[in-house]
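Enquirer: Please find one structure pasted underneath; my questions will follow.
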Amino acid sequence: MNSDSTSRKGQKKPSEGPSRRPHRSHDQTKPSAAILAAKQKAKARQMAKKQEDTFFIRDVYQAMFDVKEQFRGHTGVVYDDRMVENRCLWDPNYQECPGRYTKVMERCRELGLLDRCKFIPSREAREEEILTLHKQEHLDKLKATEGCSDIDKLELISSHYDAIYIHPMTYRLSLLSVGSTIQLVDEILKGTVQNGMAIIRPPGHHAMKNEYCGYCYFNNVALAADHALKNLGLNRILIVDWDVHHGQATQQMFYSDPRVLYFSIHRYEHGSFWPYLRESDFDYTGEGEGKGFNFNVPLNKIGMTNADYLAIFQQVLLPVATEFQPELIIVSAGYDAAVGCPEGEMEVTPACYAHLLTSLTGLASGKVAVILEGGYFLKSLAEGAALTLRTLLGDSCPNIESLPPPSQSIQESILNVIYSHRNEWKCFQLQNAYSLKDLQQENRIIDERTQHLPFIVYDYKEEKPTVYQTRNCYPVRSDETVAHYDNWLNNLIAGTKLMSPAHRLSFVYDPLMMEHRNMFESHPERPERISNIYETLKQYKALERMNQLESRKATEEELLLVHSPEHVEQMKSVSSIPLPAGSNEKAWRALSKEESYKSIYLHPKSYDAALLAAGSLLQVVDSVLNGESGSGIAVIRPPGHHAEKLEPCGFCIFNNISVAAKYAITKHNLTRILILDWDIHHGNGTQHIFEDDPRCLYVSLHRYDNGNFFPGSTDADSSVVGNGEGRGFNVNIPWNKGGMTGADYVAAFHHIVLPIAYQYNPELVLVSAGFDAAIGDPLGGCKVLPETYAHLTHWLSPLAGGRVILALEGGYNITSISYSMTACAKALLGDPLPALEANVVACPSAITSIKQVIQIQKEFWSALAFDKSLPEENVLDSGGRTDHQTEADQKAEQNETDDMKLEKLSSGKLNEDDLADQLLTLTLSEPSVTRCGTGDNPGKGLLLSEQMFAVVPLPSCPHLPEVRPVPSEGINVNAACTDCTSAQENWTCLICYRVFCGRFVNGHMVQHGDDNSHPLCLSFSDLSVWCYGCEAYVDNPVLFPAKNAAHLSKFGSELTWSYSSPRPDNQ
């Protein structure tokens, strides 16, 4: 376009006349003041309107611009050897002991970690810093003990608090712990260090505003978070508390504050584990503006494993944290869930903490502060803390063993957490909803295979003591048990490979691959694809930090690992065809057979370029698997994942990624390789090459459009899972529309890719890194931003000991692919990652696809265990005490006799029909009369005429859908009360099947139903069912399985079906 014919923005065209106004004569009358004022007012309005209409469009690559000069920073560490002085003076075996500090420091020094860190000097907190959250009285009481030499007095003071000892130095050392934590957070937010760890004691997360508790005096983490909010301008802080004890004090301090997302994973056992608090359960989600920002994941059994913790992160924490987009992450890092700890009795291996932490470090621009809390088996504490610091330093995660399925208990807890938070967080879309009302109307019970019913159990019954034990108040293990766990830890440590390759990231590129080009027309797969990536890597200073490998050509023998000799020979023959002269295009294409292939162009240099692409990728494989490099990137072309065994396809000559996988199997003896393909097109060639081989797990995220998107085959559908021994090792995640965003890919990663990958436990991860789902791609039609690829790469990096290799596939917007590959390189280099796009969640179409994949793949992968439907109603308040009902009211109701209730009814102004209705639901004691055996109502008349004396059960009630299936072991009518061991007048709860005594014994079933909102129970005396929610007996076909199981236990025979409806086959 001719420059003379265009005008710049704001420039006048010649036809619009002169740009300057004509000269105003001096004798022109001046306007009045009123007119001037009116004009000024009009001008002001016009300017205001302009400002209203002005909006800014953020450049889609802005996030990459923002991190251009951001590189991996130092890891800070703060510690102070004076912290060993805090100890219990009257009990030398107290488990919160100086050894907790010294053993961690020793192990960190053994591994050479401290020398690699930037030391941050410790400091004491100032009193005003403590008083931002703690009461003056709280501070003064502890301060008064400073220097006290009266041990008896210190013990007496300690006895007024739960699990506390006070030493003459406790006050000073508590100030030191708080000050050191605040200082670490300060240094991270100033940019002096990227992340860091505070190796401190005493711990802090149990310290309440005005009460010492659980070895904690001042709340280190809460005070540091509050400091960041008030003094450093932060608005979003994520606190992850993986100590095995609930950090109830941290929860309390931020319970109504939406600026702090508190996420706690803790042993709970329905309230029977310390600190025994009802508010430690999943339904305590925050209040006021903070509702939804408090997450409790209760562990209701011991022996939880790595699989359980990883499931919590993948299904709950990572989706929520990604949506929350924190500016700072603080980890309350207790290691009392680690193997061997007598407090936690869990089985989390030290290496697992590295994986948990790595999954978080891509968020908050890498600003992560890890603060030591508990951990009382010194060997696992030291190893877990040391591997955590090693992770902060950017070292690869050590491998963890193949995972068992997530336990049934953790499945329930995770679904409960999702249920209680689903209204506040958009990321919880995967679970369908079902209607309890519909189940009730259809007389159906919950199908536990596909439906989950959240329910609350709270078992702690003891009163809070006024004086606490100060000696021998901790678990003590036998020498044999200690030796067992010590041996277990020694074996784990010996088997943990802590790799330290010479190069963090290697890279291969050769401009000779650019000689492959289309000779006759413009084509999206053009040479500049790789040269622009190379230049962008250089601009972002990634190139100078990577180890550049020599390129090489693949040998024919290497190509024959996946391709037929005929295919290799045909491609080789193209190089001998002379360049076409003049317009002899048609003849050349006929000679090369180019047009006989699907979406292929050829050039005399295509064979050499394809050999270079495949061989250069093998160079990276060798470098990584020989331990020279931690990870790798291959900027290569032509791409490969469409190439079949017998022919080229879709711009691909040889299948580079498949050749690399087979090479790793044959040369390096690998048996488990994960190939992840995020190119927008399905990698048909890779899938076909490995569809019957379990040594390669192929996972592809691609646009499918119900079979209408290239390569246009139903082989790309989610139902295709592999053949023979490879069945279950092919995972297709198909998108059925364009416009997919990063949020869709992130959701698929959290709920499918990561759970399957961790269960598979690969020895190498190969990524078919096509970037044609990136924004602006002319073929992909999607909107994934470069930063999404960075985060996907980061979440893959803990797998296979960090041995992750990216090989370029497609991507045809030169700018997008250059930024995207650079973003991935920065992720592998450990640079702070750009934040993911805010306020974007997975679209309904993506959620549908993800659900379909899970339904198909859960047959093969037990980690995919969280696709159950949740009730659409609020079930957590049903059947139990209402918020407005006092404890005294409940006790009065429980002690009210049937005669008193009958007297209430008869003395009231009720007509005959109303009285009969009330009699139908009259509360009577545990039965001593025969009940009606059917759900039929014999009528009001018989009752009122006293021709029959019987309690008529309700034929239905709204709580019936809460009845859970009978346990596989059945019902034992001779079981004793769980609380008091009484064998008289016992009942079983039809929600949790625990056994408790009736109200005329010790009333434990009444209390259980009240505390846990479990409304329905079955009598062992006469097999009747009582509903506390309806205050009535109930008889309905839904109850038959439980009544039949009790009948079998009581009489040794099945109960006769006596309902008017036909008996279902499953009953």
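Residue 1 is where the sequence shown starts when you use UniProt numbering, and the numbers rise one by one after that.
Yeah, the Cβ is synthetic: ideal placement off N, Cα and C, and Gly gets one too.
How many angstroms separate the CA atom of ILE400 from the CA atom of LEU799?
Expert: Within the sequence shown, the letter at position 400 stands for residue 400. Within the sequence shown, the letter at position 799 stands for residue 799. Taking the straight line from one Cα to the other gives about 9 Å.
Enquirer: Taking the C-alpha atoms as reference points, what is the distance between GLY394 and VAL804?
Expert: Position 394 of the sequence shown, counted from the first residue, corresponds to residue 394. Position 804 of the sequence shown, counted from the first residue, corresponds to residue 804. In a straight line, the C-alpha of GLY394 is about 15 Å away from that of VAL804.
Enquirer: Count the other C-beta atoms from every protein chain shown that fall within 10 angstroms of the C-beta of GLU763, then say buried if there are 16 or more, exposed otherwise.
Expert: Looking up residue 763 in the sequence shown gives position 763. Buried.
Enquirer: Within 10 Å of its beta-carbon, does SER576 have 16 or more other beta-carbons around it, so buried, or fewer, so exposed?
Expert: Working through the sequence shown from its first residue, we reach residue 576 at position 576. SER576 comes out exposed.
Enquirer: Where TYR758 and THR470 are concerned, what is the direct C-alpha to C-alpha distance, given to the nearest angstrom?
Expert: Taking the first residue of the sequence shown as position 1, residue 758 is located at position 758. Taking the first residue of the sequence shown as position 1, residue 470 is located at position 470. About 44 Å.
Enquirer: Quick check on this structure: which residue in VAL77, GLU347, ASN732 and ARG695 has the alpha carbon closest to the alpha carbon of SER849?
Expert: Mapped onto the sequence shown, residue 849 falls at position 849. Residue ASN732 is the option with its Cα nearest to SER849.
Enquirer: Quick one: residues in its chain with C-beta nearer than 7 Å to the C-beta of ALA643, no 5 flanking neighbours on either side, listed in chain order?
Expert: Within the sequence shown, numbered from 1, the residue matching residue 643 stands at position 643. Result list for ALA643: CYS649, CYS652, ILE653, PHE654, ASN655 and GLY685, in chain order.
Enquirer: List the residues that DSSP assigns as beta-bridge partners of MET197.
Expert: In the sequence shown, counting from the first residue as 1, residue 197 sits at position 197. In DSSP, MET197 forms a bridge with VAL77 and VAL370.
Enquirer: Mind checking whether ALA846 and ALA747 have CB atoms under 8 Å apart?
Expert: Sequence index remark: in the sequence shown, residue 846 carries index 846 (1-based). Sequence index remark: in the sequence shown, residue 747 carries index 747 (1-based). Contact flag set, yes.
Enquirer: First and last residue of the alpha helix (DSSP H) that includes ILE533?
Expert: Position 533 of the sequence shown, counting from 1, holds the residue named residue 533. Note, ILE533: alpha helix (DSSP H), 528-539.
Enquirer: Going straight from the alpha carbon of GLY781 to that of PRO638, what length do you get?
Expert: Counting from one through the sequence shown, the residue named residue 781 turns up at place 781. Counting from one through the sequence shown, the residue named residue 638 turns up at place 638. If I take the Cα positions, the gap works out to 21 Å.
Enquirer: Should LEU512 be labelled buried (16 or more other beta-carbon atoms within 10 Å of its own) or exposed?
Expert: Stepping through the sequence shown from its first residue, residue 512 is reached at position 512. LEU512 should be labelled exposed.
Enquirer: Taking buried to mean at least 16 other C-beta atoms within 10 Å of its own C-beta, is CYS1017 buried or exposed?
Expert: Mapped onto the sequence shown, residue 1017 falls at position 1017. Buried: at least 16 other Cβ atoms inside 10 Å.
Enquirer: Give the straight-line distance between the Cα atoms of LEU223 and PHE996, rounded to the nearest whole angstrom.
Expert: What you label residue 223 is simply residue 223 of the sequence shown in a count that begins at 1. What you label residue 996 is simply residue 996 of the sequence shown in a count that begins at 1. Cα to Cα, the separation comes out at about 44 Å.
Enquirer: Look at the alpha carbon of THR793 and the alpha carbon of ALA542, and state the distance between them as a whole number of angstroms.
Expert: Reading the sequence shown from its first residue, position 793 is the one you call residue 793. Reading the sequence shown from its first residue, position 542 is the one you call residue 542. Looking at the two C-alpha atoms, the distance is approximately 16 Å.
Enquirer: In whole angstroms, give me the CA-to-CA distance for THR322 and PRO202.
Expert: Here residue 322 is taken as the residue at index 322 of the sequence shown, counted from 1. Here residue 202 is taken as the residue at index 202 of the sequence shown, counted from 1. The straight-line gap from Cα to Cα measures roughly 32 Å.
Enquirer: Secondary structure at ARG545, three-state DSSP: helix, strand or coil?
Expert: The residue labelled residue 545 in the question sits at position 545 within the sequence shown. Looking at ARG545 - three-state DSSP - the assignment turns out to be helix.
Enquirer: Here's the rule: buried if 16 or more other CB atoms are within 10 angstroms of the residue's CB, otherwise exposed. What is SER420?
Expert: Stepping through the sequence shown from its first residue, residue 420 is reached at position 420. SER420 is buried by the Cβ-count criterion.
Enquirer: So what's TYR485 in DSSP terms, helix, strand or just coil?
Expert: The sequence position of residue 485 within the sequence shown is 485, counting from 1. Looking at TYR485 - three-state DSSP - the assignment turns out to be helix.
Enquirer: Which of helix, strand or coil does DSSP assign to LEU156?
Expert: Start at 1 with the first residue of the sequence shown, and residue 156 comes out as number 156. Helix at LEU156.
Enquirer: Can you tell me the Cα-Cα spacing of ASN235 and VAL260, whole angstroms?
Expert: Residue numbering aside, residue 235 sits at position 235 when the sequence shown is read from its first letter. Residue numbering aside, residue 260 sits at position 260 when the sequence shown is read from its first letter. The straight-line gap from Cα to Cα measures roughly 8 Å.
Enquirer: Which stretch, first to last residue, makes up the alpha helix (DSSP H) that contains HIS668?
Expert: Residue numbering aside, residue 668 sits at position 668 when the sequence shown is read from its first letter. Its alpha helix (DSSP H) spans residues 656-668.
Enquirer: Following the continuous alpha helix (DSSP H) through CYS108, name the residue where it begins and the one where it ends.
Expert: To locate residue 108, count along the sequence shown from 1; it is residue 108. Unbroken alpha helix (DSSP H) run through CYS108: 99-110.
Enquirer: Return the residue from the list SER272, GLU289 and GLY288 that minimises the CA-CA distance to ASP281.
Expert: Mapped onto the sequence shown, residue 281 falls at position 281. The residue with the shortest Cα to Cα distance from ASP281 is SER272.
Enquirer: Quick check on DSSP: helix, strand or coil for MET740?
Expert: One-based indexing of the sequence shown puts residue 740 at position 740. MET740 falls in the coil class under three-state DSSP.
Enquirer: What is the rounded straight-line gap between the Cα of ASN723 and the Cα of TRP861?
Expert: As a position in the sequence shown, residue 723 is number 723, starting the count at 1. As a position in the sequence shown, residue 861 is number 861, starting the count at 1. One C-alpha to the other measures close to 16 Å.
Enquirer: Assuming ASN416 contacts PRO465 under a Cβ cut-off of 8 Å, what Cβ separation, rounded to an integer in Å, is found between them?
Expert: One-based indexing of the sequence shown puts residue 416 at position 416. One-based indexing of the sequence shown puts residue 465 at position 465. At roughly 30 Å, the Cβ-Cβ gap does not stay under 8 Å, so ASN416 and PRO465 are not in contact.
Enquirer: Indicate the three-state DSSP secondary structure (helix, strand or coil) for SER968 in the structure shown.
Expert: Locating residue 968 in the sequence shown gives position 968, where the first residue counts as 1. Coil.
Enquirer: So, are the CB atoms of LEU785 and GLY742 less than 8 Å apart?
Expert: The residue labelled residue 785 in the question sits at position 785 within the sequence shown. The residue labelled residue 742 in the question sits at position 742 within the sequence shown. Yes.
Enquirer: Given LEU754, which residues of its chain have a CB within under 7 Å of its CB, disregarding the five upstream and five downstream residues?
Expert: Reading the sequence shown from its first residue, position 754 is the one you call residue 754. The residues are GLN314 and TRP795.
Enquirer: Take the Cβ of VAL467 as the centre, count every other Cβ of all protein chains shown within 10 Å, and call the residue buried at 16 or more, exposed below.
Expert: What you label residue 467 is simply residue 467 of the sequence shown in a count that begins at 1. Result: exposed.
Enquirer: Between the alpha carbons of GLU327 and ALA311, how many angstroms are there, rounded?
Expert: Residue 327 sits at position 327 when you count from the first residue of the sequence shown. Residue 311 sits at position 311 when you count from the first residue of the sequence shown. Near 24 Å, if we compare the C-alpha coordinates of ALA311 and GLU327.
Enquirer: Helix, strand or coil for SER906? Go by DSSP, reduced to three states.
Expert: Within the sequence shown, numbered from 1, the residue matching residue 906 stands at position 906. No answer about SER906 holds up, because its pLDDT of 37 lies below 50 and its placement is not dependable.
Enquirer: Looking at C-alpha atoms only, which residue of PRO168, ILE130 and ALA228 is the closest neighbour of LYS209?
Expert: On the sequence shown, position 209 is the one that residue 209 refers to. Comparing Cα positions, the closest option is ILE130.
Enquirer: Between PHE263, GLU211, CYS341 and GLU287, which lies nearest to ASN296 when the distance is taken from Cα to Cα?
Expert: For the purposes of this step, residue 296 is taken as the residue at position 296 of the sequence shown. Nearest of PHE263, GLU211, CYS341 and GLU287 to ASN296, Cα basis: PHE263.
Enquirer: Alpha carbon to alpha carbon, how far is ILE410 from ASP308?
Expert: Locating residue 410 in the sequence shown gives position 410, counting from the first residue. Locating residue 308 in the sequence shown gives position 308, counting from the first residue. For ILE410 and ASP308, the distance between alpha carbons rounds to 6 Å.
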